[in-house]
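Throughout, our numbering is defined as the position within the sequence shown, counted from one, plus 1.
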Amino acid sequence: MQPPSTPSNPDPDYYTNRTLTDTEIGYPVHVYFIELSKMYMHRIRWHWHPEFEVIIVNHGEVEFLTDDQKIRLKAGQGILINQNTMHAIQPATEDVNCSLYSTVFHPSFLFGYGNTVMSGKYLTPILSSPIFRTKLLDEQDPVAEKILDAINSVIAVNMTKKYGYELVTKSYLCQLWVTLLENVIPQNVKTHKNGSLSLDESRVKEAILYIENHYADHITLDELASSIHISKSECCRCFKRTLKVTPIEYLMKYRIFRAVSMIQSDDPHARSMSDLAFAVGFNNASYFNKVFKQFLKCTPSEYKKELKQDPLNHSFDMTTI
């Protein structure tokens, strides 16, 4: 079944490292259509979440990244992502006109919150498995084809939202889960060589959270490394191995991300570029302008002017770095 072509884009703050809200516990299933050309810096930023996620590429080619993987996906292919797995997505070529569907659901939806018998029997083997983080989905693989069919059906019913769509969604997701239990986990058990969670990923997650909480402060490499209890050199190596950037490069990207968000939301700090520079952690406006232009090919003032003149073409979806 092919999904419909007019779903909604993700909510601005959805792709953050977060916990479920009370509302989401009621129906913790979300289906999004994402166009990378409309995303900030044309990518989905490094993130993780407590939900299970299935990405299906609709158009173009993308690279799916984890701390130790880079998987190229073309239209029709997808990737299944276990909860709390840190990942990012970017175009695979210079053509940024890539689009994809993201189906995100909390596994507890399948068997109810607090149902320890069913959860222990069916959820725990997958969620707590140290060997299952992602699975490439290609319709040439019979198992992957079943998963793709189930997710495409979920996308379709959640776009039309006919009466009872929540129950229908649950039935498709249960089919997907059984397919994983019967095929994916046993296969991975036989072939996976290293069952431990990446220490690099664990450290970088902590560092990212520290940056997100303190980006407006004067953060040194010493302080960042100290926050995750390692040396400066090891901190640099962790970031390079995992994200392919230095800690300071990541910090600069995040600060510019916050600056663009403030400009788009007409935050009071964005009415003066000097105030905006200090609000996102820069000590002087000149360096702020230089870094901003490095990433977006224009100064903050130029971006603000362009956004005012043509908000449709200069507004980014702020779900990404």
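Note that the Cβ used here is the ideal one computed from N, Cα and C, for glycine as well.
For clarity, every value in this text was computed on a predicted model and none was experimentally measured.
For residue i, which residues in the same chain have their Cβ closer than 6 Å to its Cβ, ignoring the five residues on either side in sequence?
i, result
"K305", "I264"
"Q188", "Because the pLDDT of Q188 is 48, which lies under 50, any placement of that residue in the model is unreliable, and the number read from its coordinates should be weighed accordingly. Excluding positions up to five away in sequence, the list is empty."
"R256", "Y216, V281 and G282"
"S228", "Y211"
"S100", "E36, N59 and H60"
For residue i versus residue j, is the C-beta distance shorter than 7 Å?
i, j, result
"L137", "I148", "no"
"K155", "Y173", "The amino acid occupying residue 155 in the given sequence is Val; Lys does not appear at that position. Yes; because the gap between Cβ atoms is below 7 Å, this pair is in contact."
"Y28", "E167", "yes"
"Y92", "V58", "Reading off the sequence shown, one finds Pro at residue 92, where the question assumed Tyr. No, Cβ-Cβ distance for P92 and V58 is not below 7 Å."
"M65", "I90", "The sequence shown places Phe at residue 65, not Met. Yes. Within cutoff."
"V105", "H31", "yes"
"F296", "A278", "no"
Straight-line CA distance for residue i to residue j?
i, j, result
"T170", "F240", "38 Å"
"N330", "Y102", "Because the chain in this structure spans residues 2 to 322, residue 330 falls outside the shown range and cannot be described."
"L222", "Q141", "46 Å"
"K309", "T300", "14 Å"
"L225", "G165", "49 Å"
"E235", "R242", "10 Å"
"R46", "R73", "17 Å"
"N285", "D276", "10 Å"
"H43", "H88", "15 Å"
"V246", "S109", "35 Å"
"A157", "S38", "23 Å"
"V55", "K163", "22 Å"
"R348", "H219", "This structure gives no information on residue 348, because the portion of the chain shown stretches from 2 to 322."
"E202", "K75", "26 Å"
"I209", "H60", "30 Å"
"S302", "V292", "13 Å"
"A151", "N214", "38 Å"
"C175", "K294", "48 Å"
"N153", "Q78", "12 Å"
"L244", "D267", "31 Å"
"R134", "P269", "42 Å"
"E95", "M40", "15 Å"
"S130", "C237", "29 Å"
"H107", "I132", "19 Å"
"S273", "H230", "37 Å"
Quick one: residues in its chain with C-beta nearer than 8 Å to the C-beta of residue i, no 5 flanking neighbours on either side, listed in chain order?
i, result
"V144", "T180, N184 and V185"
"S327", "The first residue shown for the chain is 2 and the last is 322, placing residue 327 beyond what the model contains."
"L182", "Y123, P126 and I127"
"S199", "D68, D69 and T243"
Counting only the same chain and skipping the five closest in sequence on each side, list residues whose C-beta sits under 7 Å from that of residue i.
i, result
"W178", "L111 and Y123"
"E146", "E140"
So does residue i have its beta carbon nearer than 6 Å to some heavy atom of the ligand NAP?
i, result
"D150", "No copy of the ligand NAP appears in this structure; indeed no ligand is present at all."
Check whether the stretch 121–129 and the stretch 64–76 are in contact - that is, three or more C-beta pairs closer than 8 Å.
No: fewer than three Cβ pairs fall under 8 Å.
Meets three-Cβ-pair contact criterion under 8 Å: the stretch 84–100 and the stretch 38–58
By the Cβ criterion, the stretch 84–100 is in contact with the stretch 38–58, since at least three pairs of Cβ atoms, one from each stretch, lie closer than 8 Å.
Minimum length 3: unbroken beta strand (DSSP E) runs contained in the stretch 122–176
Runs found: 135–138.
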